[in-house]
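Engineer: In UniProt numbering, the protein residues as written are 1 to 553.
No residue lacks a Cβ here, since even glycine has one placed at the ideal position from N, Cα and C.
Given the structure is predicted, the values throughout are model-derived calculations rather than measurements.
Mind having a look at this structure? Questions to follow.
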């Protein structure tokens, strides 16, 4: 009777028969196969929703694959293999532990979606199901990474709902607790519940929400510790506005203050008079440019070492300020002196600098063979994207006209910024800039007019060259002693200089050692000419002795 009653209850709650489930699964598989073949996809199953190939759980591939894995026993072996191939393909689309909303899209750091509908929280369910069915550890590892990203990116800021709210995050942590038994996931789920309570107690005011950021500390004794920090919405908005202000200050400095300073100094030299108002304006312009260059340095450090907690010490700010002050002031004075003498040729100098720095990122982009970046901003068309990239390149060019741009533009990168520190580019830039300044000063010295009759020209040239070398010295001091991430450098400035000295000494020794060999070869050839053919083997002892002497030397 109990068995009969149990069967009756199963029949009551049974909505679909196994045959119907099999038919539905087969229809889903056929649709995915046909679409993948029609669109020539490199994987067996793919679907679209209103013309968009979503990957997330709400409208995308992951939820379909999860459903098929839930009824894998109803699938043919060949179809089951197609499902597993699609799961592995989706796992390959991972970008920094997250997935873009649609296929082929690049995740933007500022607009990254970490929701149940789009992103890691929803896709985690697929890999949890894949692990339960196959018991393969790589699926569990992927699921755990999804949970870590969900916790790192915060408790989300769009309400308490499942789709793109806190509930979607909480379910991920409950899922991971059931899979792993690790109590930390229960703690994280409780934190999500606390956000629920705060949200409803604050009358839908989301200000108490916090984001939890994870940063690595600078290595100590070879070890680097990760720390978590809670950032409230107000503080997060303040950080965003501060970052936008920093970028705006860089734009204002090099596209506004730098031309203004150059123009005012040129007028002062031509009129041979400096008024109080003009001197004040030039001082403010110079400080504005130096501040923009300083912000550019700090921005480059934070971008390149985004995973680390960067703390810039006051002495580092002082060192950067002195470095940029000497560099920019020297560059502006050299350009103005040259312009006051050779007005036509300065246009040639400016055009050479402009096109060199403007075309350099585009040449690297063309040489890399990367596709044109389409995901800078979704609202932008291809023409709009091109205009934005040209404006960024123009800003990059304006910075390099006056000083070294710490932020290196890289168009083939998703962030458009190079995160690698290229010492070779730094060395080439300062060598070429020093040579250019020296040539411009030499031309000014040769063609100077009567307006400089009361100026000691050789002393002025020497002072400007020493000032530029002083800027380079402060730069080396900053990278050697005051850079906040100097512990992460593979080689320091001193080590690099020592290697250069060793290479130079080795080259000198090689050159000196080649001279006696050349003389010995010349002497032996003369001896062969003077000695009869029967005694050609006689010079061998002397040649052998010379080689031994060289080795001992």
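Going by beta carbon distance, what residues of the same chain come within less than 7 Å of residue 124, once the five residues before and after it are set aside?
Structural biologist: 143, 146, 147, 172 and 175
Engineer: List the endpoints of the continuous alpha helix (DSSP H) containing residue 131.
Structural biologist: In this chain, the alpha helix (DSSP H) harbouring residue 131 covers 120 to 134.
Engineer: Within this structure, are the beta carbons of residue 71 and residue 28 separated by less than 7 Å?
Structural biologist: no
Engineer: Tell me the DSSP secondary structure of residue 52 in three-state form.
Structural biologist: strand
Engineer: In its own chain, which residues sit with a C-beta less than 6 Å from the C-beta of residue 140, not counting the 5 before and 5 after it?
Structural biologist: 131
Engineer: With distance defined between alpha-carbon atoms, name the residue in 82, 186 and 117 nearest to residue 63.
Structural biologist: 117
Engineer: Alpha carbon to alpha carbon, how far is residue 401 from residue 416?
Structural biologist: 20 Å
Engineer: Residues in its own chain within less than 6 Å of residue 296 by CB, not counting five upstream and five downstream?
Structural biologist: 250, 406 and 407
Engineer: Answer yes or no: does any C-beta atom of chain C fall closer than 7 Å to that of residue 498?
Structural biologist: Any reference to chain C falls outside this structure, which holds one protein chain only.
Engineer: Starting from residue 88, trace the alpha helix (DSSP H) in both directions and tell me its first and last residue.
Structural biologist: 77 to 92
Engineer: To the nearest angstrom, how far is the alpha carbon of residue 315 from that of residue 483?
Structural biologist: If you draw a straight line from the Cα of residue 315 to the Cα of residue 483, it comes to about 10 Å.
Engineer: First and last residue of the alpha helix (DSSP H) that includes residue 338?
Structural biologist: 314 to 341
Engineer: Would you call the CB atoms of residue 288 and residue 253 closer than 7 Å?
Structural biologist: In contact: residue 288 and residue 253 (Cβ atoms closer than 7 Å).
Engineer: Could you say if the stretch 469 to 484 and the stretch 355 to 370 meet the contact criterion of at least three C-beta pairs nearer than 8 Å?
Structural biologist: Verdict: no, contact absent.
Engineer: Kindly confirm or deny that the stretch 259 to 273 and the stretch 322 to 340 touch, where touching means at least three C-beta pairs closer than 8 Å.
Structural biologist: yes
Engineer: So which of 41, 290 and 261 has the shortest CA-CA distance to residue 277?
Structural biologist: The option with the nearest alpha carbon to residue 277 is 261.
Engineer: Hey, out of 428, 53 and 164, whose CA is closest to residue 560's CA?
Structural biologist: The shown model of the chain, from 1 to 553, leaves out residue 560, and the question about it has no answer.
Engineer: Going by the DSSP bridge assignment, what does residue 98 pair with across the sheet?
Structural biologist: Beta-bridge analysis with DSSP links residue 98 to 95.
Engineer: Report, in whole angstroms, the separation of the C-beta atoms of residue 322 and residue 443, which I expect to be a contact under 8 Å.
Structural biologist: No, residue 322 and residue 443 are not in contact; Cβ-Cβ is about 28 Å, not under 8 Å.
Engineer: If residue 52 sits next to residue 112, beta carbons under 8 Å apart, how far is it from one beta carbon to the other, in whole angstroms?
Structural biologist: In fact, because the Cβ distance is near 18 Å, the residues do not count as touching under 8 Å.
Engineer: Ignoring anything shorter than 4 residues or poking outside the stretch 383 to 464, list the alpha helix (DSSP H) runs there in chain order.
Structural biologist: 423 to 447
Engineer: Candidates 69, 304, 431 and 440: which alpha carbon is nearest residue 345's?
Structural biologist: 440
Engineer: Mapping DSSP to helix, strand and coil, what is residue 47?
Structural biologist: Assignment of residue 47 by DSSP, reduced to helix, strand and coil, places it in the coil class.
Engineer: Taking only the alpha-carbon atoms, compute the straight-line gap between residue 129 and residue 83 and give it to the nearest angstrom.
Structural biologist: 12 Å
Engineer: Is the Cβ-Cβ distance between residue 319 and residue 489 less than 7 Å?
Structural biologist: no
Engineer: Once DSSP output is grouped into helix, strand and coil, what is the label at residue 139?
Structural biologist: helix
Engineer: Mind checking which residues open and close the alpha helix (DSSP H) that includes residue 292?
Structural biologist: 276 to 304
Engineer: Evaluate residue 79 with the Cβ neighbour count: other Cβ atoms within 10 Å of its Cβ, from every protein chain shown; 16 or more gives buried, anything less gives exposed.
Structural biologist: A residue is called buried once 16 or more other Cβ atoms fall within 10 Å of its Cβ, and residue 79 is buried on that count.
Engineer: Under a three-way DSSP split, which group does residue 16 fall into?
Structural biologist: Per DSSP, reduced to three states, the secondary structure at residue 16 is coil, with no helix or strand assignment.
Engineer: Exposed or buried, what is residue 153 when buried is set at 16 or more other beta-carbons lying within 10 Å of its beta-carbon?
Structural biologist: Taking a 10 Å sphere around the C-beta of residue 153, we find 16 or more other C-beta atoms and assign the residue as buried.
Engineer: First and last residue of the alpha helix (DSSP H) that includes residue 272?
Structural biologist: Careful: residue 272 lies outside any alpha helix (DSSP H) and carries neither H nor E.
Engineer: Using the C-alpha atoms, what's the distance from residue 391 back to residue 384?
Structural biologist: 11 Å
Engineer: Are the beta-carbon atoms of residue 331 and residue 290 separated by less than 7 Å?
Structural biologist: no
Engineer: Taking the C-alpha atoms as reference points, what is the distance between residue 387 and residue 33?
Structural biologist: Taking the straight line from one Cα to the other gives about 39 Å.
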